[in-house]
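Report on the following structure.
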Amino acid sequence: MKLVLLLCLFALAYGQDKYDLEDFNIEEVINNDRLILSYSKCFINKGPCTPEIKRIKDKIPEILETHCAKCTDKQKEIGKILFNKLKTDHPAAFKELAAFYDPTGKYQESFKDILN
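If you use mature numbering (1 follows the signal peptide of the UniProt record, and there is no 0), the sequence shown corresponds to residues -15 to -1, 1 to 101, in order.
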């Protein structure tokens, strides 16, 4: 569930009331294993980040704390897609992200709600 954060993160960036990244190309990411794994490494400080992905990465703590309160419905949907893709196709990367951002499992229940 912690990875939901990553997924929301892909779909998020800046904003006061809502995050602004509605033009994120989900198809480009989910259809490119190299890209999704590269972004995963960026999020856990094991690889370089593009400026766009770094902005998203910087929002992860806020997203976790607020249960994605500033996420739009579209961003939550993108998060669900990315979450499921990573969990299914790249379970090791999924586990690394979960361990990195939620080592105690503090956010698991809240993100179950977001994903359903």
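Cβ coordinates follow ideal geometry from the N, Cα and C atoms, glycine included.
Closest Cα partner of residue i within the set the options
| i | options | result |
| --- | --- | --- |
| PHE79 | ASN16, LEU71 and THR51 | LEU71 |
| ILE45 | ASN30, THR73 and LYS59 | ASN30 |
| ALA77 | THR51, THR89, CYS53 and LYS26 | LYS26 |
Chain-order list of residues whose beta-carbon lies under 8 Å from that of residue i (same chain, five-residue window excluded)
| i | result |
| --- | --- |
| ILE15 | ILE21, ILE66, LEU67 and LYS70 |
| ASP58 | none |
Pairwise C-alpha distance: residue j and residue i
| i | j | result |
| --- | --- | --- |
| PRO33 | LEU82 | 15 Å |
| TYR86 | ILE11 | 22 Å |
| GLU50 | CYS56 | 13 Å |
| PRO88 | PHE28 | 15 Å |
Nonlocal neighbours in the same chain, by C-beta distance under 7 Å from residue i, ignoring five residues either side
| i | result |
| --- | --- |
| PRO36 | none |
query = Pairing CB atoms from the stretch 51 to 66 with CB atoms from the stretch 19 to 26, are three or more of them under 8 Å?
reply = no
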